[in-house]
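Residue numbers (our numbering): 9 to 280.
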């Protein structure tokens, strides 16, 4: 599914604040020392994960960005990040379907990473992806997976109904399967552990308020729109709901917490 570059740009600062830096600290202990760290970024889009993670890893790095959208890859290639210690960061892009990526496509990886990806996969796609990542024999850092929990303040009687309808939309049927939506992170953890990985999970919530009013408004519109697409009978009550929320947003009163988790999976054995 195609993602708007404008939406990706709008959400990038919130993503950066939400991701678990504690997992990165843990990750660094399991990366090879000396030489160039080779990072494969799956579903890289415009490269926001590269810009967030490369400075935190330090040392020379080579990033391989995988995506099926050539326009987003072109944007990513134009924004090579820098590291705090001044080490070189190089980048290449690979156009293709990451759900068909086998272990050979990750050969030589020191790290595999992705952001806001798992909920858009079916069960079969998730299984193939986890199997390929495990086959690479390196740590895997997957960030910002939704878990089906959203909190809005001030509360509204329609919030819970919209949340349930949105989660149903995230689990909608596509092709021969259904998207995993908020179940994806839990299933990914179980599958990695089945394959012998040590998995650590940390919360990574978005906290939106007056300081990011534009993002909160865009998120709200998308959240309500998906819920109404899933349950058309919600369209009429949502007109008044959005009007109420617009008043809260304009007054700087709306607070939204969108809960996500980050997970770090590493090959079993050794100290954590």
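Positions of the beta carbon are idealized from the N, C-alpha and C atoms, including for glycine. All values derive from a computational prediction rather than experimental measurement.
Do you know offhand how far residue i's Cα is from residue j's?
i	j	result
residue 201	residue 207	7 Å
residue 211	residue 149	13 Å
residue 115	residue 252	52 Å
residue 154	residue 226	17 Å
residue 222	residue 67	36 Å
residue 33	residue 47	16 Å
residue 29	residue 71	19 Å
residue 93	residue 246	50 Å
residue 258	residue 232	18 Å
residue 273	residue 126	14 Å
residue 37	residue 83	31 Å
residue 49	residue 234	27 Å
residue 100	residue 52	11 Å
residue 109	residue 140	7 Å
residue 205	residue 276	5 Å
residue 80	residue 164	37 Å
residue 121	residue 152	11 Å
residue 17	residue 266	18 Å
Taking DSSP as the reference, what is the three-state secondary structure of residue i?
i	result
residue 209	strand
residue 239	coil
residue 185	strand
residue 169	helix
residue 223	helix
residue 75	strand
residue 11	coil
residue 154	strand
According to DSSP, residue i sits in a beta bridge with which residue or residues?
i	result
residue 273	148, 207
residue 65	In DSSP, residue 65 forms no bridge with anything.
residue 161	263
residue 214	266
residue 177	Answer is none; residue 177 lacks a bridge partner.
residue 70	46, 98
Measure the CB-CB distance between residue i and residue j and report whether it falls below 8 Å.
i	j	result
residue 186	residue 130	yes
residue 113	residue 87	no
residue 262	residue 256	yes
residue 249	residue 166	yes
residue 196	residue 119	no
residue 103	residue 136	no
residue 45	residue 31	no
residue 62	residue 11	no
residue 242	residue 173	yes
Can you list the beta strand (DSSP E) stretches of 3 or more residues lying completely in the region 13-57, in chain order? 45-50
Just to confirm the assignment: which complete beta strand (DSSP E) runs, minimum length 3, are found wholly within the region 92-130? Fully enclosed beta strand (DSSP E) runs of 3 or longer: 97-103, 119-123.
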